[in-house]
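Asks:
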Amino acid sequence: MYKIAVVGDYDSIYGFATLGLGICPVKDREEIRDRLRRLVEEKYGIIYITEAAAAEVEDELEKYREKTLPAIIRIPGVSGNNGAGIEGVRKTVEQAVGSDILFGGVS
Amino acid sequence: MAAKQVNPTRMELTRLKKKRITAIRGHKLLKDKRDELMRQYLDLVRENMEVRRTVEAGIRSANRNFVIAKAGMSEAALNTALMAPKQEISLEADEKNVMSVDIPTFEYKTRTADENDIYSYGFAFTSSDLDGAVKSLADVLPAMIRLAECEKACQLMAAEIEKTRRRVNALEHVIIPETEESIKYITMKLDENERSTQIRLMKVKDMMLEDAHHYSEKQ
């Protein structure tokens, strides 16, 4: 049995609480890092993280990339979409194929 | 390419021949694995991109709705309304094995079956915009779960493809040519040894005959 959490600044994520997802409002880099570690230990299966917060802890996310669980997924925050999510997908294509043959140029 | 130092013996030759057969077989299998992984991956990543676009658009519009809802209410009222969530989601995670990559599959259950249980507040003191905002967010949730599944699978498969591709290349361009080079070297060396033994024997025979019959003196 797993749970789902959303990490990010409070304004971006408070809505998810109504759906029954756990929300973790965070402010600075250290807090995000701590929170993320704790969530992984507490058996959260999916962790949604706002793109702004994800950008702060890029190296931490890299650690969980090759593990089956948890799935850490970037979502756009209230401040807008900076394209990091799409960029992440493109990066996996590059890793797999060698160069981005699918979404090159169009975004 | 300078061949590695190998002992030119028959035993080594047999060993290398076996190694070459294994390497060629492994290479073929890994190549098949890579191709199949790639095929599945490309399908998956296309879906991944599509779902991501849907989710991002959904969340963007939900966020917009929340901002509007927030504007119509006092912050305290909004916080009170959302303080105690009614609904709870539990997630069942399973693992599916696709070409030896373990990818997770998610299935979620809400605590209550009624999908309208997302409104954790009485309707009297909140603006109707909030209802819309919460609803729009709830609508994105299935796509979000699917996105998590897809994106994780893509990441895992991409890593596996990279690994497999390296192995294929290492076998194709390093292990197999090296082994073949060594095999060639040993065969040549053995042939050469055989020829020299032959010649030595012929020479010895000549010398022995000479000793016995003294051909050169009779001429």
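Chains as they are written, first to last, in this note's numbering: chain S, 1 to 107; chain E, 1001 to 1219. Just so it is clear, CB atoms sit at the ideal spot from N, CA and C, and this is done for glycine as well.
Quick check on DSSP: helix, strand or coil for E:Tyr1041?
Replies: In the second sequence, counting from the first residue as 1, residue 1041 of chain E sits at position 41. Helix, per DSSP.
Asks: Three-state secondary structure (DSSP) at E:Ser1090?
Replies: The residue you call residue 1090 of chain E lines up with position 90 of the second sequence. E:Ser1090: strand per DSSP, three-state reduction.
Asks: State the Cα-Cα distance for the pair S:Gly83 and E:Ile1024, rounded to the nearest angstrom.
Replies: For the purposes of this step, residue 83 of chain S is taken as the residue at position 83 of the first sequence. For the purposes of this step, residue 1024 of chain E is taken as the residue at position 24 of the second sequence. Cα to Cα, the separation comes out at about 44 Å.
Asks: Out of curiosity, what's the CA-to-CA distance linking E:Arg1039 and S:Tyr64?
Replies: Translated into positions along the second sequence, residue 1039 of chain E becomes position 39. Translated into positions along the first sequence, residue 64 of chain S becomes position 64. For E:Arg1039 and S:Tyr64, the distance between alpha carbons rounds to 25 Å.
Asks: Determine, using beta carbons only, whether E:Gln1087 and E:Thr1112 come nearer to each other than 8 Å.
Replies: Sequence index remark: in the second sequence, residue 1087 of chain E carries index 87 (1-based). Sequence index remark: in the second sequence, residue 1112 of chain E carries index 112 (1-based). Contact flag set, yes.
Asks: Is E:Asn1048 helix, strand or coil when you go by DSSP?
Replies: Counted from its first residue, the second sequence places residue 1048 of chain E at position 48. In this structure, E:Asn1048 counts as helix in the three-state DSSP scheme.
Asks: Taking Cβ positions only, does E:Thr1126 come closer than 8 Å to chain S?
Replies: By one-based count along the second sequence, residue 1126 of chain E stands at place 126. It does not; no Cβ of chain S falls within 8 Å.
Asks: Which whole-angstrom value is the C-beta distance of E:Tyr1121 and S:Ala96, which I expect to be below 8 Å?
Replies: Taking the first residue of the second sequence as 1, we reach residue 1121 of chain E at position 121. Taking the first residue of the first sequence as 1, we reach residue 96 of chain S at position 96. Actually they are not in contact, since the Cβ atoms of E:Tyr1121 and S:Ala96 sit about 46 Å apart, beyond 8 Å.
Asks: Which one of E:Ile1089, E:Ala1143 and E:Ala1071 has the shortest CA to CA distance from E:Asn1048?
Replies: On the second sequence, position 48 is the one that residue 1048 of chain E refers to. Minimum Cα distance to E:Asn1048 is reached at E:Ala1143.
Asks: Within a Cβ cutoff of 7 Å, which residues of the same chain sit near E:Ala1057, ignoring the five residues on either side of it in sequence?
Replies: Translated into positions along the second sequence, residue 1057 of chain E becomes position 57. So the list is empty, once near-sequence residues are dropped.
Asks: Check this for me: beta carbons of S:Thr68 and E:Leu1044, under 8 Å apart or not?
Replies: For this step, residue 68 of chain S is matched to residue 68 along the first sequence. For this step, residue 1044 of chain E is matched to residue 44 along the second sequence. No, the Cβ-Cβ distance between S:Thr68 and E:Leu1044 is not below 8 Å.
Asks: Check whether the stretch 41–48 of chain S touches the stretch 1090–1107 of chain E, taking contact to mean three or more Cβ pairs, one atom from each stretch, closer than 8 Å.
Replies: The stretch 41–48 of chain S, when compared against the stretch 1090–1107 of chain E, does touch it at the 8 Å Cβ threshold.
Asks: Give me the subset of the stretch 1147–1162 of chain E whose CB atoms are less than 8 Å from a CB atom of chain S, sorted by chain position.
Replies: Flagged, chain order: Leu1147, Ala1148, Glu1149, Glu1151, Lys1152, Cys1154, Gln1155, Leu1156, Met1157, Ala1158, Ala1159, Ile1161 and Glu1162.
Asks: According to DSSP, is S:Val26 helix, strand or coil?
Replies: To locate residue 26 of chain S, count along the first sequence from 1; it is residue 26. The answer is coil: DSSP assigns S:Val26 none of H, G, I, E or B.
Asks: By alpha-carbon positions, which one of E:Glu1180, E:Ile1089 and E:Glu1075 ends up nearest to E:Lys1019?
Replies: The sequence position of residue 1019 of chain E within the second sequence is 19, counting from 1. Comparing Cα-Cα distances from E:Lys1019 to each of E:Glu1180, E:Ile1089 and E:Glu1075, the minimum goes to E:Glu1180.
Asks: Tell me the start and end of each unbroken beta strand (DSSP E) in the stretch 1054–1110 of chain E that is at least 3 residues and wholly inside, in chain order.
Replies: The stretch 1054–1110 of chain E contains these whole beta strand (DSSP E) runs: 1089–1098 and 1101–1110.
Asks: For the putative contact between E:Leu1147 and E:Arg1052, defined by C-beta atoms under 8 Å, what is the C-beta separation to the nearest angstrom?
Replies: Reading the second sequence from its first residue, position 147 is the one you call residue 1147 of chain E. Reading the second sequence from its first residue, position 52 is the one you call residue 1052 of chain E. With 8 Å as the limit, E:Leu1147 and E:Arg1052 qualify as a contact, their Cβ atoms being about 6 Å apart.
Asks: Please identify, using Cβ separations under 9 Å, the residues of the stretch 1028–1045 of chain E that lie next to chain S, in order along the chain.
Replies: Cβ contacts with chain S come from Leu1037, Met1038, Tyr1041, Leu1042 and Val1045.
Asks: Return the residue from the list E:Asp1206, E:Leu1013 and E:Glu1092 that minimises the CA-CA distance to E:Lys1109.
Replies: Locating residue 1109 of chain E in the second sequence gives position 109, counting from the first residue. Looking at the Cα atoms, E:Glu1092 is the closest of the given residues.
Asks: Determine contact between the stretch 1060–1069 of chain E and the stretch 1168–1179 of chain E, defined as no fewer than three beta-carbon pairs at a distance below 8 Å.
Replies: Flag = no, the stretch 1060–1069 of chain E and the stretch 1168–1179 of chain E do not touch.
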